[in-house]
Amino acid sequence: MRLEREGMVPRVCELTWLEALEGLNIVSIAAAGWQSAALTEGMNRFLKMLEITFRRDTESYRPRINKKDSIKDMEQKKSGQFLFIDEA
């Protein structure tokens, strides 16, 4: 990642890794630490923190958010797979 001169905006050339910041305490601005993970693993951790599960729509292949406490939502949470992208 390098910073652009105009506005110091971060520029990411290729997104293959996700930096997940866990344990952020907004009141004291303290962080538990950075962890590098593969994109799917990082997204899975992020969705777990939000308590949201995603699946891929079988017809359009678009990512869909499962309804809270639906059968799919509970199955994915139980298995720890908050991001479910099956092989199409």
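Residues in the sequence shown are numbered from 181 upward in steps of one, following my numbering. Backbone N, C-alpha and C fix where the C-beta goes; we use that ideal spot for every residue, glycine too.
Residue nearest to I232 within the set R244, L219 and T238 is R244 (criterion: CA-CA distance).
I245 sits in a strand when the DSSP states are folded into three classes. Where F226 is concerned, the enclosing alpha helix (DSSP H) starts and stops at L219 to L230.
As computed with DSSP, F234 is found in a beta bridge with I245 and L263. In terms of Cα proximity to I251, the closest of N224, F234, G222 and K228 is F234.
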